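Input: a single structure, listed below in structure tokens.
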Amino acid sequence: MTSFDQLIASLSDKPKRCIALAAAEDEVLLHAADQAQHQGLASFILVGNSDKIDEMLRDHDIESQFEVIHSERPAEAAVKLVRDGQADLLMKGAISSSALLKAVLDRERGLRKGDLLSHVAVIESPQYHKLLFVSDGGINLSFDDATFITVIRNAVDYIRYFGIEKPKIGMLALVEQVNAKIPETVMADKIAKLLQHECMIEGPIALDVAISAEAARHKHLPSRIAGDVDIMIMPNTTAANHLVKGLGGLGGCKVGGVIVGAKVPIILLSRSDDAETKLRSIALGLVADL
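Under the working numbering, think of the first position of the sequence shown as 68, with each following residue one higher.
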């Protein structure tokens, strides 16, 4: 799959899923939900301040018919809809990520599956021949061996929904040589060796080599994945976040993102994302819930 258009087209004939939108009082979110519903991708339950939501729907001439549920605690209410089977996916609205994830990770009333969630961003670039997956750009603030391994496994599990059974994975770092003064290179080398019998993974690998076989040839680097990487595992959340936002904001790329590792996909967005980015993220959640 090479584009979001292909992804969205592939969903058009699939069963329509229901998305619980926590804190839906946001005009851009409502337009994205309207688009998704008009395209037959999903239905929505809007959770939050019902008066404000209804007012926004009227003021912005949004014609889709939505179920609206009033709640002073929209994160918990939306999670409950999913737990009770009234909704299939969860989506973040005008609420902080920490508030939503607190409800998701509640051990008694949440959607916890394992101990670790992770964020997978997907990038469509005019300069790259297929969709590119990047993790972890929004959830884990510190990384040890176990965190990296779970993040990688989450990403591998997710990319299988795109028909990729053996993804090519790059552990990104500043340079390809292991250098004790650059801790990310040491960690990348360690993780790549730990998982080498489980998946096709290389590290440390610099960004230019990951996306360009020509760069690998110039550097005289043997690589099975150079120029054809599917998943880039970044050395930390800041690097991943900056890469994705930079490519989306300055690089002319289309981006979207989803949280994986819970019982259902979680569509978690930046509040500054436009409606098209939100729609792409909705599609990324839906493909993992079929």
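Where is the CB? At the ideal position from N, CA and C, for every residue including glycine. Since the model is a prediction, treat every value here as computed from it, not as a measurement.
Simplified DSSP state of residue i, which is helix, strand or coil
i    : result
K321 : strand
E243 : coil
F229 : helix
F200 : strand
R347 : helix
E139 : coil
L353 : helix
F71  : helix
P271 : strand
R150 : helix
G107 : coil
E92  : coil
H127 : coil
I249 : coil
E265 : coil
E134 : strand
K180 : coil
L288 : coil
Short Cβ contact (9 angstroms threshold) for residue i with residue j
i    : j    : result
A188 : G160 : no
Q104 : S77  : no
Q102 : L336 : no
V201 : L184 : no
L148 : I129 : no
A100 : I349 : yes
G315 : I190 : yes
L96  : A342 : yes
S192 : G319 : yes
L274 : A255 : no
D340 : D155 : no
D173 : H186 : no
Residue environment, residue i, which counts as buried when at least 16 other CB atoms sit within 10 Å
i    : result
L317 : exposed
R338 : exposed
G323 : buried
T252 : buried
K248 : exposed
P332 : buried
P250 : exposed
D151 : exposed
G107 : exposed
D80  : exposed
E269 : buried
T344 : buried
G177 : buried
H196 : exposed
Among the options, nearest to residue i - alpha-carbon criterion
i    : options                   : result
D182 : I190, L168, L108 and E191 : L168
L199 : F215, L96, Q132 and L310  : L310
V354 : F133, L74, A87 and K147   : L74
K233 : C266, R347, P141 and K83  : C266
Q263 : V276, A280 and K235       : K235
S165 : G352, F215, A293 and A142 : A142
K180 : T217, A144 and S117       : T217
E175 : D203, V146 and Q153       : V146
L261 : I219, E281 and A277       : I219
Evaluate contact between the stretch 319-337 and the stretch 296-303, counting only Cβ atoms and requiring at least three cross-stretch pairs below 8 angstroms. no
Validate contact between the stretch 148-165 and the stretch 235-246 using beta carbons, cut 8 angstroms, 3 pairs: no
Does the stretch 205-217 come into contact with the stretch 281-295, if we say contact requires no fewer than three beta-carbon pairs (one atom in each stretch) closer than 8 angstroms? no
Meets three-Cβ-pair contact criterion under 8 angstroms: the stretch 73-88 and the stretch 101-119: yes
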